[in-house]
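Numbering (the numbering used here), first residue to last: 507 to 995.
The beta-carbon is built from N, C-alpha and C at its ideal position, and this holds for glycine as well.
Quick caveat: nothing in here was measured; it's all calculated off a predicted structure.
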RNA sequence: CGAGGUGUAGCGCAGUCCGGUUAGCGCAUCUGCUUUGGGAGCAGAGGGCCGCAGGUUCGAAUCCUGCCACCUCGACCA
């Protein structure tokens, strides 16, 4: 049992908070709502980022960078964007400080007031489309497939590490196309990348689908989402891909001359995933002993713990350990040899479990004599001995096995917590239990609002291809298909 | 932004009701010895503007007033 880690059954939110801190992922900062991502946590984010970046580039996207500050007037050009983000924007009003004429410290120089205030970007559609206007004249300039890795600020009143912070890191893709079909294709291509990334790398099963209109991104025609189910039965929106239609092209007057020699508005998509994915990763796999990481995203896939008492033992053990570290590294495995002499082995075992390292190998004199190594896998907590000559094959095999096991385990959990509700009473009971609930809905925002008021459940997404006629569980009106309800983060 | 709560050592807390020795405990830190295959034991040591500013009092962590910060719960959100 990890020292001082609250169990999930005792309090899931507390468990999460303590885990994030104790596993050295992140901590609160001096600025309310902003987090410090610590090196170990950032290493995981870097692995996610590198993989996503690779997938974007494989599908023809390029990276660029747009400014942090957005002129206030840009936001007012697109009415829905204002409505969506106005309540959570940080605003820059001055550009200079001065020594306090009445005392200690510095004050804002009143003479440095900006003529036009600047908004710290909550998302970059407006500044990007005001730029695309200059880049696009003819169909020959299309498509534009740009992504940027950036920080954004949304002034949150109730922050939680990784899940909801005032500043967060993300990528935002912004594409421009000649036709609606092309933009929709792009939107769905990215949704598929997100799904594959979540499932194949994070080992997190996700449910792709489209958001109902009242849950979509302001300014989008359609918002697609991947929804994941956390261990406490709550859903986490883990990525979104928007078909923006011509909303931003019209707001910023971005037109192109088509094949047919006609001026037409450009079609758009935008899409993003953020450091919130860290929250999904943690809340999907981890247990009461700490973090559990899928091998593909583990900063260290294998940790080596040397065990020795006397100095003559130490020399032999260390020589072997250093060689094993080199051999594993040469095979492309991320490995950590824990050489800390201040800490005892038991402490190290617990510490690396807390940090979620998939495979631990203990190396002691007894093992040397028996020509074997003691393996421990983090996901199942099994311990077993591996003959020396099999060590490389077993490590490589185990990493794949653990990756698969985590996904299958999470998928099984989701299946066991996915239900169908056919009456209002049934729906209420199932939502109270937690999990995904498939139910008929009459398609109106009014009904969705009432369901939310009474149960706190929202429509997470409308999955594709499950057409089935039925009656709305709340209003009893006609419904063309089931939608997925859950309580959400 | 509404409603509650909490600010005491790096972290977690007791003490505050009912004012009165040198403000205490656990973890962490430092020193020494013994330990080292599942978060070591013993002995010793260091560390505090008791959130901030006023007030009451011979005397304030403790009582009063104001401010600030953080946490939990609601409304909003990736």
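**Message:** Could you tell me the alpha carbon to alpha carbon distance between residue 863 and residue 622, rounded to whole angstroms?
**Reply:** Residue numbering aside, residue 863 sits at position 357 when the first chain is read from its first letter. Residue numbering aside, residue 622 sits at position 116 when the first chain is read from its first letter. C-alpha separation (whole angstroms): 50 Å.
**Prompt:** For the candidate residues 981, 942, 925 and 934, whose alpha-carbon lies nearest to that of residue 952?
**Reply:** Counting from 1 along the first chain, the entry for residue 952 is found at position 446. Of the listed residues, the one whose Cα sits closest to residue 952 is 981.
**beta strand (DSSP E) runs wholly inside the segment 697 to 782, at least 3 long, in chain order** = DSSP runs (the beta strand (DSSP E)) wholly in the segment 697 to 782: 712 to 716, 728 to 735, 741 to 751, 761 to 763, 769 to 771 and 773 to 780.
**Request:** Inspect the beta-carbon positions of residue 587 and residue 714 and report whether they are closer than 7 Å.
**Result:** Here residue 587 refers to the residue found at position 81 when the first chain is read from its first residue. Here residue 714 refers to the residue found at position 208 when the first chain is read from its first residue. The Cβ atoms of residue 587 and residue 714 do not sit closer than 7 Å to each other.
**Request:** Give the secondary structure of residue 642 by DSSP, where H, G and I count as helix, E and B as strand, and everything else as coil.
**Result:** Position 136 of the first chain, counting from 1, holds the residue named residue 642. Residue state, collapsed to three classes: coil.
**Message:** Quick check: what's the CA-CA separation for residue 507 versus residue 523?
**Reply:** Numbered from its first residue, the first chain carries residue 507 at position 1. Numbered from its first residue, the first chain carries residue 523 at position 17. Per-residue confidence for residue 507 stands at a pLDDT of 33, beneath the threshold of 50, marking its modelled position as unreliable; the derived number appears in the next sentence. Roughly 17 Å between the two C-alpha positions.
**Asked** By Cβ distance below 7 Å, which residues in the same chain neighbour residue 514 in space, the five residues on each side in sequence not counted?
**Response** Here the question's residue 514 lines up with position 8 in the first chain. Hits under 7 Å: 521, 737 and 794.
**Prompt:** Are the beta-carbon atoms of residue 749 and residue 689 separated by less than 7 Å?
**Reply:** Looking up residue 749 in the first chain gives position 243. Looking up residue 689 in the first chain gives position 183. In terms of Cβ geometry, residue 749 and residue 689 form a close pair [threshold 7 Å].
**Message:** Using a 10 Å radius around the Cβ and a threshold of 16 neighbouring Cβ atoms, would you call residue 796 buried or exposed?
**Reply:** In the first chain, counting from the first residue as 1, residue 796 sits at position 290. Result: buried.
**Request:** For my contact list, residue 946 and residue 968 are in at a C-beta cut-off of 8 Å; report their separation, rounded to the angstrom.
**Result:** Stepping through the first chain from its first residue, residue 946 is reached at position 440. Stepping through the first chain from its first residue, residue 968 is reached at position 462. Actually they are not in contact, since the Cβ atoms of residue 946 and residue 968 sit about 12 Å apart, beyond 8 Å.
**Asked** Which residue's Cα is closest to the Cα of residue 606: 615, 645 and 600?
**Response** The residue given as residue 606 occupies position 100 in the first chain. Of the candidates 615, 645 and 600, 615 places its Cα closest to the Cα of residue 606.
**Request:** Please classify residue 767: is it buried, with 16 or more other beta-carbons within 10 angstroms of its beta-carbon, or exposed?
**Result:** By 1-based counting over the first chain, the position of residue 767 is 261. In the assembly as shown, residue 767 is an exposed residue. Its beta-carbon has fewer than 16 other beta-carbons within 10 Å.
**Asked** Would you call residue 565 buried or exposed, if buried means 16 or more other Cβ atoms sit within 10 Å of its Cβ?
**Response** In the first chain, the residue the question calls residue 565 occupies position 59. Residue 565 comes out exposed.
**Asked** Can the beta-carbon of residue 730 be found closer than 7 Å to that of residue 697?
**Response** Against the first chain, residue 730 aligns to sequence position 224. Against the first chain, residue 697 aligns to sequence position 191. Contact flag set, yes.
**Message:** Please state the DSSP three-state secondary structure of residue 844.
**Reply:** On the first chain, position 338 is the one that residue 844 refers to. Look at residue 844 here: in three-state DSSP terms it is coil, with no helix or strand label.
**Asked** CA-CA distance, residue 561 and residue 555?
**Response** Within the first chain, residue 561 is the residue found at index 55, counting from 1. Within the first chain, residue 555 is the residue found at index 49, counting from 1. Roughly 10 Å between the two C-alpha positions.
**Prompt:** For residue 860 versus residue 570, is the C-beta spacing smaller than 7 Å?
**Reply:** Position 354 of the first chain holds residue 860. Position 64 of the first chain holds residue 570. The answer is no: Cβ separation not under 7 Å.
**Request:** Closer than 8 Å by C-beta to residue 662: which residues in its own chain qualify, once you throw out the five before and the five after it? Chain order, please.
**Result:** Sequence index remark: in the first chain, residue 662 carries index 156 (1-based). These residues qualify, in order along the chain: 539, 594, 670, 671 and 672.
**Request:** Could you check the C-alpha separation between residue 990 and residue 603 for me, to the nearest Å?
**Result:** As a first step, residue 990 must be located in the first chain, where it is residue number 484. As a first step, residue 603 must be located in the first chain, where it is residue number 97. C-alpha separation (whole angstroms): 52 Å.
**Pairwise C-alpha distance: residue 727 and residue 1027** = Residue numbering for the chain in the displayed model covers 507 to 995; residue 1027 lies beyond these limits and cannot be assessed.
**Prompt:** residue 567: which of 835, 964, 845 and 695 sits nearest, CA to CA?
**Reply:** On the first chain, position 61 is the one that residue 567 refers to. The candidate whose alpha carbon is nearest that of residue 567 is 695.
**Nearest to residue 1004 (by Cα), restricted to the options 773, 854, 961 and 720** = Not covered by the structure: residue 1004. The range shown for the chain is 507 to 995.
**Item:** Cβ pair residue 711, residue 965 closer than 7 Å
**Value:** Taking the first residue of the first chain as 1, we reach residue 711 at position 205. Taking the first residue of the first chain as 1, we reach residue 965 at position 459. Taking C-beta atoms as the reference points, residue 711 and residue 965 fail to come closer than 7 Å.
**Message:** If I measure Cβ to Cβ from residue 757 and keep anything under 6 Å in the same chain, skipping five residues before and after, which residues do I get?
**Reply:** As a first step, residue 757 is located in the first chain; it is residue number 251 there, counting from the start. Same-chain partners within the cutoff: 583 and 584.
**Asked** Is the beta carbon of residue 692 less than 7 Å from the beta carbon of residue 654?
**Response** What you label residue 692 is simply residue 186 of the first chain in a count that begins at 1. What you label residue 654 is simply residue 148 of the first chain in a count that begins at 1. Cβ distance not < 7 Å, so residue 692 and residue 654 don't count as in contact.
**Prompt:** Is residue 675 closer than 7 Å to residue 625 when the C-beta atoms are compared?
**Reply:** Indexing the first chain from 1 puts residue 625 at position 119. Indexing the first chain from 1 puts residue 675 at position 169. No.
**Prompt:** What's the gap between the Cα of residue 779 and the Cα of residue 759?
**Reply:** Taking the first residue of the first chain as 1, we reach residue 779 at position 273. Taking the first residue of the first chain as 1, we reach residue 759 at position 253. Taking the straight line joining both Cα atoms gives about 28 Å.
**Completely contained beta strand (DSSP E) runs for the segment 784 to 818, where each covers 3 or more residues** = Here the runs fully enclosed are 808 to 812.
**Request:** Output the distance between the C-alpha atoms of residue 880 and residue 890, rounded to the nearest integer angstrom.
**Result:** Counted from its first residue, the first chain places residue 880 at position 374. Counted from its first residue, the first chain places residue 890 at position 384. Linking residue 880 to residue 890 through their CA atoms gives a straight-line distance of about 6 Å.
**Message:** Does residue 781 pass the burial test, meaning 16 or more other C-beta atoms within 10 Å, or should it be called exposed?
**Reply:** Locating residue 781 in the first chain gives position 275, counting from the first residue. When all chains shown are included, residue 781 counts as buried.
**Request:** Compare the beta carbon distance of residue 533 and residue 542 with 7 Å and say whether it is the shorter of the two.
**Result:** Counted from its first residue, the first chain places residue 533 at position 27. Counted from its first residue, the first chain places residue 542 at position 36. Residue 533 places its beta carbon less than 7 Å from that of residue 542.
**Prompt:** To the nearest angstrom, how far is it from the Cα of residue 941 to the Cα of residue 963?
**Reply:** On the first chain, position 435 is the one that residue 941 refers to. On the first chain, position 457 is the one that residue 963 refers to. Roughly 10 Å between the two C-alpha positions.
**Request:** At 3 residues or longer, and completely inside the segment 528 to 595: list those beta strand (DSSP E) runs for me, N to C.
**Result:** Taking only runs of at least 3 residues, the beta strand (DSSP E) segments lying wholly in the segment 528 to 595 are 532 to 534, 541 to 543 and 575 to 577.
**Cβ shell of residue 665 (< 7 Å), same chain only, five flanking positions each side left out** = Here residue 665 refers to the residue found at position 159 of the first chain. Cβ neighbours of residue 665 within its own chain (closer than 7 Å, five residues either side excluded): 539, 671 and 672.
**Request:** Determine the closest residue to residue 983 out of 961, 954 and 971, with distance taken between C-alpha atoms.
**Result:** What you label residue 983 is simply residue 477 of the first chain in a count that begins at 1. Closest by alpha carbon: 954.
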